[in-house]
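Q: Below is the structure I would like to discuss, written out as C-alpha cells.
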Amino acid sequence: MSDQVLLSIENHVATLTLNRPKKGNALTSTMNELLLSYLDQLEKDVEVRVIILTGAGKFFCTGMDLSMAATGDTSDVDASFAKGIQVFETLYRFPKPVIARINGPCLGGGVGLVFTTDIRVADQDVYFALTEVKRGIIPAIISQYIVPELGIQRTREYMLTGRKVNTVEATPFLSKVTQTPEELDEQVKVYSDMLLESAPGAMSDIKRLVETISTGAESERAQRIREDVKKAYLKMMQSEEAAFGIMSFITKKKPDWSNFTKDNAKL
Numbered sequence: 047m048s049d050q051v052l053l054s055i056e057n058h059v060a061t062l063t064l065n066r067p068k069k070g071n072a073l074t075s076t077m078n079e080l081l082l083s084y085l086d087q088l089e090k091d092v093e094v095r096v097i098i099l100t101g102a103g104k105f106f107c108t109g110m111d112l113s114m115a116a117t118g119d120t121s122d123v124d125a126s127f128a129k130g131i132q133v134f135e136t137l138y139r140f141p142k143p144v145i146a147r148i149n150g151p152c153l154g155g156g157v158g159l160v161f162t163t164d165i166r167v168a169d170q171d172v173y174f175a176l177t178e179v180k181r182g183i184i185p186a187i188i189s190q191y192i193v194p195e196l197g198i199q200r201t202r203e204y205m206l207t208g209r210k211v212n213t214v215e216a217t218p219f220l221s222k223v224t225q226t227p228e229e230l231d232e233q234v235k236v237y238s239d240m241l242l243e244s245a246p247g248a249m250s251d252i253k254r255l256v257e258t259i260s261t262g263a264e265s266e267r268a269q270r271i272r273e274d275v276k277k278a279y280l281k282m283m284q285s286e287e288a289a290f291g292i293m294s295f296i297t298k299k300k301p302d303w304s305n306f307t308k309d310n311a312k313l
C-alpha cells in the first residue's frame with residue numbers, strides 16, 4: 047500500500063498523516079483512495095474514538111495536486127469530482143470527532159479539510175489561503191463547508207483575492223493557536239483526552255444534531271447544493287482559463303490574465 051497517507055493508532059486515538067512533504071501534501075487520487083479506505087476502517091473500529099488529521103513536513107495541505115488534475119475529458123473530470131467530494135463529505139460527516147493538527151500552511155483544498163473538522167489546533171506561524179483563483183479555478187467542492195461558517199462577505203474576500211490569512215485573523219475558526227511545535231502536540235493531546243472522556247454515542251449524536259439544526263433538516267437543499275457545486279466544478283475544469291492557469295502552474299510561470307483575456311477576445 048502507498049505511504050502517501052499514514053495511519054497510526056494509540057490509546058484509542060487514530061492519526062492520519064498526509065505524507066507528501068516534498069509536494070506540500072498536495073492531494074492525489076491515491077491519497078483520496080487511502081483516506082476513504084482508512085476512514086471506513088476507523089469508523090468500524092470501536093476501539094478508535096478520536097481522529098487526528100495532520101500533515102508531514104512544513105505544510106498541512108496545499109490542496110489538489112494541479113500537476114495531476116483531470117481536465118478536458120468529461121468522464122475523467124466527473125470521476126475526479128466524485129472521489130474528491132466523497133473525501134470531504136466523509137470527513138465532514140464522520141461520526142467520531144476529528145481534530146485538525148495544523149502543523150503548517152493550508153492552501154486551497156487544505157483549507158477545506160480544516161473546515162470539515164470539529165476541533166482545530168494550529169501553530170502560530172501557519173497561514174490559510176484560498177489560492178485557486180490565481181490559477182483560473184474555483185474552490186468548488188470546499189465552498190459548501192466554508193461559506194456557512196465564514197459567511198458570505200468574508201468568503202468572497204478570501205476566495206476573490208487568494209490572500210494569506212494569518213492565525214490572528216483566523217482565530218474565529220480555530221480552537222487553539224500554539225506557540226511551539228511541542229505545544230501544538232500538547233494541546234492536541236489535551237483535546238483528545240477531553241474527547242475520550244465524552245460518551246462515543248452522545249458525541250456522534252451531537253455532530254448529527256448540529257448538522258441538522260444548521261441545515262434546517264432540509265435534505266433536498268443539500269442535494270441541490272451538491273448538484274450546483276458539481277456543475278461549477280465541471281465547468282471550471284473544462285474551461286480555457288483553468289487549462290491556462292494549470293499549465294502556468296506546471297511550468298512554474300505566473301499567469302498573465304490580461305494577455306489571456308486579450309488573446310481570447312480576438313478568437
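In our numbering, the protein residues as written are 47 to 313. Every residue gets a Cβ at the ideal spot worked out from N, C-alpha and C, and that includes glycine.
Just to confirm my understanding: we take L75, look at its own chain, exclude 5 residues before and 5 after, and list those with CB closer than 8 Å. What are they?
A: The residue asked about is misnamed: residue 75 is Ser in this sequence, not Leu. Short of 8 Å from the beta carbon of S75, and not among the five residues preceding or following it, lie these beta carbons of its own chain, in chain order: M114, S126, K129.
Q: Check G101 in the structure and name its three-state DSSP category.
A: strand
Q: Is it the case that the Cβ atoms of V234 and V167 are separated by a distance below 8 Å?
A: yes
Q: What is the residue span of the alpha helix (DSSP H) that L64 lies within?
A: It is not in any alpha helix (DSSP H) - L64 instead sits in the beta strand (DSSP E) that spans 59-64.
Q: In three-state DSSP terms, what is I271?
A: Look at I271 here: in three-state DSSP terms it is helix.
Q: Using a 10 Å radius around the Cβ and a threshold of 16 neighbouring Cβ atoms, would you call N149 buried or exposed?
A: buried
Q: What's the call for D169, buried or exposed, on a 16-neighbour Cβ count within 10 Å?
A: Counting Cβ neighbours within 10 Å, D169 comes out buried, since at least 16 surround it.
Q: In whole angstroms, what is the alpha-carbon distance linking A102 and T63?
A: 6 Å
Q: Answer with buried or exposed for P185, where buried requires no fewer than 16 other C-beta atoms within 10 angstroms of its C-beta.
A: Buried, because 16 or more other Cβ atoms sit within 10 Å of the Cβ of P185.
Q: Helix, strand or coil for T224? Go by DSSP, reduced to three states.
A: strand
Q: Quick check on the burial criterion: 16 or more other C-beta atoms within 10 angstroms. Buried or exposed for G197?
A: exposed
Q: What are the start and end residues of the beta strand (DSSP E) that includes D86?
A: Here D86 belongs to no beta strand (DSSP E); instead the alpha helix (DSSP H) covers 75-90.
Q: From the DSSP output, in three-state form, read off L53 for me.
A: strand
Q: In the DSSP output, what is I252 paired with across the bridge?
A: Note: I252 sits in no beta bridge, so no partner.
Q: Give every residue of the same chain whose Cβ lies closer than 7 Å to the Cβ of T136, excluding the five residues on either side of it in the sequence, and list them in chain order.
A: Here the set comprises L82, L85.
Q: Among the residues of its own chain, which have a CB less than 8 Å from the CB of I187, if the five just before and after it don't count?
A: F127, G130, I131, F134, G155, G158, V275, Y279
Q: Taking all protein chains shown into account, do 16 or more other C-beta atoms lie within 10 angstroms of the C-beta of D164, making it buried, or fewer, making it exposed?
A: buried
Q: Can I98 and R66 be called in contact, C-beta distance under 8 Å?
A: no
Q: For F106, does the three-state DSSP call read helix, strand or coil?
A: coil
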